[in-house]
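To convert, count from 1 in the sequence shown and add 89; that's our numbering.
Every residue, glycine too, gets a C-beta built ideally from N, C-alpha and C.
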Amino acid sequence: MKGRFTLKLAIIALAVLGPAFAFAQNQTFSVRQSPENPNPGETVFLNISAYEFNVDLAKITWSLDGKAKDSGVGKKAFSFVAPANGKTSSVDIEVVPQNGKAIKQTLSFTPADIDILWEALDSYTPPFYPGKSLPISQSQVKVVAVPVVKNANGTHRKTEDFVFTWRKDGKNFPGQSGLGKNGFSFANQILDKQNRVDVSATDGAKTVSGSVIITPFESEILFYEEHSLEGIQYQNTLDIENNLKKPRLKIVAEPYFLSKNFKTNPDISFEWSINNASADKKWKQYIIVDTSTTTGTISLTAKYKDSKKLFRTFTESMSINNN
90 MKGRFTLKLA
100 IIALAVLGPA
110 FAFAQNQTFS
120 VRQSPENPNP
130 GETVFLNISA
140 YEFNVDLAKI
150 TWSLDGKAKD
160 SGVGKKAFSF
170 VAPANGKTSS
180 VDIEVVPQNG
190 KAIKQTLSFT
200 PADIDILWEA
210 LDSYTPPFYP
220 GKSLPISQSQ
230 VKVVAVPVVK
240 NANGTHRKTE
250 DFVFTWRKDG
260 KNFPGQSGLG
270 KNGFSFANQI
280 LDKQNRVDVS
290 ATDGAKTVSG
300 SVIITPFESE
310 ILFYEEHSLE
320 GIQYQNTLDI
330 ENNLKKPRLK
340 IVAEPYFLSK
350 NFKTNPDISF
360 EWSINNASAD
370 KKWKQYIIVD
380 TSTTTGTISL
390 TAKYKDSKKL
400 FRTFTESMSI
410 NNN
């Protein structure tokens, strides 16, 4: 009986010690990476954590592309610069827990990029304007994403092979997401101070992501003089006060970033006044001022109004010194 009793104790001891022994042999650690999908040339941050041992007491060695970069007790954080598009970097991590055996892990990084372009669809700018059409409140904006992902032979993967996922201000837009859907459109709201658009694209083998913040701008009406032979003098903006000693003036108002179709849209009007008196409404974007019978200062006011949109009324004034 004594021999059997001893045997039972031995079996119980193995049952208790067996899992603990296996657990000790299979210790591991996890690595948190930021950003998740690094762009070429972007700094990548890595941080080690573990449940099975104290990483602050472990000796940790970091190697980048086969070269040791950092080593020491508790060295649980590491950063490096991601390589160029299509190139690969590897990070080797060796962790030796206190009173334990070395644990190794290798991470590979082949960064890619995504180009994000945007435009205001209904934003007016005059001819030869050198800048970009900018969105204002209630403007229609289109965002286009183009993955820049290289294959091993240097060729680029096709945009239509990627599945795009779009988010705006934290909200998913499944209707505009999907295979090959690299375009996203939205309208600025009246109270929006800015809009953040996030996009991720994957072809199953590679995922790239990016974001853009689009801020609504203020519209502006600027005045220009139009010459009968030379046309509109876009090189010289008319300021608040102008010395224009001519018997007849044609003044043009340019509504920067407002609706492109303001010239043909019946809901949009320009209302002009001269010295606080309403002018002839047959003019829209321009007004003709006869200065031959007027001396002193002439005050001009242009009022742009879109009757179909709230807060789409803009007024600008200028004066002409005819002495």
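message: So if DSSP puts Thr404 in a beta bridge, which residue, or which two residues, is it bridged to?
response: Lys392
task: Alpha carbon to alpha carbon, how far is Ala201 from Gln122? Give it in angstroms, no decimals.
output: 16 Å
- prompt: Pairing CB atoms from the stretch 170 to 186 with CB atoms from the stretch 138 to 149, are three or more of them under 8 Å?
  reply: yes
task: Within the stretch 228 to 258, note down every full beta strand (DSSP E) run reaching 3 residues or more, in order along the chain.
output: 229 to 237 and 252 to 257
- prompt: Between which two residues does the beta strand (DSSP E) carrying Ala290 extend?
  reply: Ala290 -> beta strand (DSSP E) spans Asn284 to Thr291.
query: Helix, strand or coil: how does DSSP classify Asp356 here?
result: If DSSP states are grouped into helix, strand and coil, Asp356 belongs with coil.
query: Count the other CB atoms within 10 Å of the CB of Ala290; is the residue buried (16 or more) or exposed (fewer)?
result: Ala290 comes out buried.
- request: Determine the contact status of Asp204 and Phe251, defining contact as a CB-CB distance below 8 Å.
  value: Their beta carbons are not under 8 Å apart, which means Asp204 does not touch Phe251 by this criterion.
query: Cα separation between Asn261 and Val180?
result: Each residue's Cα considered, the two are about 34 Å apart.
- request: Could you say if the stretch 277 to 290 and the stretch 320 to 333 meet the contact criterion of at least three C-beta pairs nearer than 8 Å?
  value: no
field: Pairwise C-alpha distance: Asn365 and Lys334
entry: Per the coordinates, the alpha-carbon of Lys334 lies some 21 Å from the alpha-carbon of Asn365.
field: Spatial distance of Ala166 from Asn143 (CA atoms)
entry: 14 Å
field: Through-space distance from Phe403 to Ile340, alpha-carbon basis
entry: Their backbone Cα atoms lie some 17 Å apart in a straight line.
Buried versus exposed call for Ile329 [16 or more other C-beta atoms within 10 Å across all chains shown]: exposed
task: For Asp413, name the three-state secondary structure that DSSP assigns.
output: Residue 413 lies beyond the range of the chain shown here (90 to 412); nothing can be said about it.
Under the three-state DSSP convention, the category Gln374 falls into: coil
- prompt: Assuming Tyr140 contacts Leu347 under a Cβ cut-off of 8 Å, what Cβ separation, rounded to an integer in Å, is found between them?
  reply: The pair is not a contact, with the Cβ atoms about 59 Å apart (cut-off 8 Å).
task: Using three-state DSSP, classify Asp154 as helix, strand or coil.
output: coil
- prompt: Measuring from the CB of Arg285, is there a heavy atom of the ligand PLP at a distance below 7 Å?
  reply: For the structure depicted, the ligand PLP is absent and the ligand set is empty, with no information on it obtainable.
- request: Measure the C-alpha to C-alpha separation of Gln229 and Asp395 and round it to an integer number of angstroms.
  value: 16 Å
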